[in-house]
Amino acid sequence: LSAQQVSFQAHHPAPVPKGATVDFRNLGPDFAPSIQYLEAPSPSGEGYRTFLQEQKEEVGRRFPRTGVVAAEERVLADPPILLLDFAGNNSTSGTPMDNHLAVSRDRQVVSVINSHLAVKSPDANPPGYWVGAATLENFTSDLGIGQFKFDPRVLYDPVADRFVVFALAGNTSLTNSIIIAFSETNDADGEWHLYNLTGPEFSDYNVTNNVWSDYPIVAMTDTEIILTINSVFNNQPWQTGFFETVIWQINKEEGYSGQPLELTYYTGIEFGGKRIRNLCPVKHATGEPGDNVFFLSNRNFDVENDSIFIVELTGKQGDPNTTIEVDVRKADQAYGVPPNAIQTNGTLATNDARVLDAFLLDDQIQFVGNTVDFNT
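In structure tokens:
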């Protein structure tokens, strides 16, 4: 990369002690009430909805649809061969579902949604059934966090052959918590070590800046868990309420063994005097992560833009020589806020143009997101 240095502040709080150990086999089915929406609420209220709708209307004026695009049958590849299928995690739960899934080398599946967690094993009897399930409330209840749990994520660590589950709780600076759970073995239907990352120092950060943690994205290196969150001002929409993206480095071996977690988190990540938002950590497609980690960002609210920010974090937690660098690349095709997608009955909300997920394969980063098609 022809990169430039990024300004940031590194924080090294005291190790976070384990909050609880739970045996997933003993949780059993449980019930937790949740509000069901016929229409998914916008992530940040009416202010966000109004702003985003104005951007979408501008997209419609500048790039009007040339007609209804008919579905076409593609003949570029042979149809896939179905080797195995199973019922998904269909627990009645929150909207949007925020579904996330991880699969181990032994074909054990951990599925998380708002706000439920389920484990499927190839040894299930009868085959195809989930061997264990619990709400996030029940799974994390021993932590004593009374706030509603949401935005779950899950990773499988191919190096340690373990699972890691994440969730958030509370949506104000006084109530917000970041929860992380490590499976003790490669059996997700066994014991898990649970932690509340929001210790005294990060709680002070939230209160001092009047923010809370939202929108987690996760990846890992060979020794650490990488977590990014957006710090959002209390009672403000995203376009005006965004404060900054925070990067966390978490020692994963300590989590698997239930020891106090060593942490480092980075704030004040700026380029050109502006905070870089929605940093999406890049996963390793081969399953063999290295020491450093890349992140992607873009101008997700712009009607039209071609800038992609490639951010690289080098150095493990506690390393005084850690650097964060950014390389700004131009995409060969512009992106922009997508219009709502036309459906048979009405439209489907598509939100903005942020990078949603990414992976590194050889020397290429591949990523996904939503954008307007300027030609249709």
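Counting from 15, one number per residue, gives the positions in the sequence shown under my numbering.
Where is the CB? At the ideal position from N, CA and C, for every residue including glycine.
Since this is a predicted model, take the numbers as computed values, not measurements.
Could you pull the DSSP bridge partners for residue i from this structure?
| i | result |
| --- | --- |
| LEU115 | SER125 |
| GLU238 | ASN265 |
| PRO295 | PHE309 |
| SER245 | SER227, GLU258 |
| GLN23 | THR281 |
| ALA372 | PHE381 |
| PHE164 | LEU182 |
| GLN18 | VAL340 |
| ARG289 | GLU284 |
| LYS32 | According to DSSP, LYS32 bridges with nothing at all. |
| LEU169 | VAL178 |
| ALA147 | ALA132 |
| ALA233 | ILE240 |
| THR361 | ILE356 |
My assumption, with CB atoms under 8 Å, is that residue i sits in contact with residue j. Please give the rounded CB distance.
| i | j | result |
| --- | --- | --- |
| GLU198 | GLY272 | 7 Å |
| ASP320 | ALA345 | 5 Å |
| VAL73 | VAL340 | 27 Å between Cβ atoms; not a contact. |
| PHE315 | GLN69 | 6 Å |
| PRO140 | ARG121 | The Cβ separation is near 16 Å, so there is no contact. |
Go through its chain and collect everything with a Cβ distance to residue i's Cβ below 6 Å, but skip five positions before and after it.
| i | result |
| --- | --- |
| TRP262 | LEU241, TYR279 |
| PHE381 | LEU310, VAL369, ALA372 |
| SER125 | ASN103, LEU115, ALA132 |
| VAL168 | HIS114, ALA116, VAL124, VAL126, VAL179 |
| TYR170 | ALA116, SER118, PHE177 |
| ALA138 | VAL145 |
| LEU375 | ALA299 |
| LEU41 | ALA148, ASN152 |
| THR189 | GLN161 |
| THR337 | THR328 |
If we call anything under 8 Å between Cβ atoms a contact, is residue i one with residue j?
| i | j | result |
| --- | --- | --- |
| LEU211 | ILE194 | yes |
| VAL325 | ILE290 | yes |
| PRO166 | ASP201 | no |
| PHE216 | PRO27 | yes |
| VAL36 | LEU208 | yes |
| LEU327 | ASN306 | yes |
| PHE388 | PRO251 | no |
| THR237 | HIS25 | no |
| VAL296 | PHE308 | yes |
| ILE379 | CYS294 | no |
| VAL20 | ILE283 | yes |
| THR390 | ARG75 | no |
Once the 5 residues before and after residue i are set aside, which same chain residues still bring their CB inside 8 Å of it?
| i | result |
| --- | --- |
| ARG39 | GLY146, ASP203, GLY204 |
| ILE159 | ALA183, GLY184, SER191, ILE193, ASN210 |
| VAL30 | TYR209, ASN210, LEU211, GLY213, PRO274, LEU275, LEU277 |
If I measure Cβ to Cβ from residue i and keep anything under 7 Å in the same chain, skipping five residues before and after, which residues do I get?
| i | result |
| --- | --- |
| ASN335 | GLY329 |
| ASN224 | SER187, PHE247, ASN248 |
| ILE322 | LEU310, ASN312, ARG343, ALA345 |
| GLY59 | Confidence at GLY59 is low in this model, with a pLDDT of 48, below 50, so its placement is unreliable and the value that follows should be read with caution. Around GLY59: PRO251. |
| ALA14 | An answer regarding residue 14 cannot be provided, because it is not within the stretch 15 to 390 covered by the chain. |
| VAL386 | VAL73, PHE77, GLY350, VAL351, PRO352, PRO353 |
Taking only beta-carbon atoms, is residue i less than 8 Å away from chain B?
| i | result |
| --- | --- |
| ARG343 | Protein chain content of the structure displayed is limited to a single chain, and chain B is not contained in it. |
Can residue i be considered in contact with the ligand ZN, in the sense that its beta carbon sits closer than 7 Å to one or more heavy atoms?
| i | result |
| --- | --- |
| ASN384 | The model on display carries no ligand, and the ligand ZN is accordingly not part of it. |
**Prompt:** Which ranges does the beta strand (DSSP E) cover as unbroken runs of at least 3 residues, wholly within the stretch 176-228, from first to last along the chain?
**Reply:** The qualifying runs are 176-183, 191-197, 205-210.
Those runs of the beta strand (DSSP E) which lie wholly inside the stretch 318-358 and span at least 3 residues
319-328, 337-349
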